[in-house]
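Q: Using the numbering used here, you'd call the opening residue of the sequence shown number 6 and step up by one each time. We treat Cβ as the ideally placed atom computed from N, Cα and C, and that holds for glycine.
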Amino acid sequence: MASAHGIDPRAFEDPRNNYPTDDQFYASDRPAHPVLPEDRPRGGGPTTTIKHRGTWATVALVAGIVLLILVGIALFP
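1. Looking at alanine 16 and asparagine 22, is the spacing between their C-beta atoms short of 8 Å?
2. Here's the rule I'm using: 16 or more other beta-carbon atoms within 10 Å means buried, otherwise exposed. How should aspartate 28 be labelled?
3. Enumerated in chain order, which unbroken segments of the alpha helix (DSSP H) with a length of 4 residues or greater are wholly contained in the stretch 7–32?
4. Would you report the Cα separation of leucine 80 and threonine 60, rounded to the nearest angstrom?
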C-alpha cells in the first residue's frame with residue numbers, strides 16, 4: 006500500500022476512493038473573502054475616562070463596615 010491514503014492499488018478505479026487534496030478540503034467551507042474585521046480595534050478610537058467612586062463614598066463604605074463589626078461585637082459579646 007504505497008498510496009498516500011493507504012488505498013489498495015486494485016481499488017484505484019473505485020469512485021468512492023476519490024479524495025480531495027488538503028487545499029480543496031480546507032477551502033470547501035471558507036467564505037470567498039476570509040478576512041474578518043477586527044473585533045477589538047487597537048488604538049486611535051475615542052476614549053472615555055473611567056469614573057471612579059468618590060472619596061466620600063469610599064469613606065462611607067469603610068465606616069459602614071467598621072460600624073457593622075462594632076455592632077456585631079456589641080450585640081454578641
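A: In this structure, then:
1. On the sequence shown, residue 22 is found 17 positions in, with the first residue counted as 1. On the sequence shown, residue 16 is found 11 positions in, with the first residue counted as 1. Result yes, Cβ atoms of asparagine 22 and alanine 16 sit closer than 8 Å.
2. Within the sequence shown, residue 28 is the residue found at index 23, counting from 1. Aspartate 28 should be labelled exposed.
3. 27–32
4. Translated into positions along the sequence shown, residue 80 becomes position 75. Translated into positions along the sequence shown, residue 60 becomes position 55. Whole-angstrom Cα-Cα distance: 30 Å.
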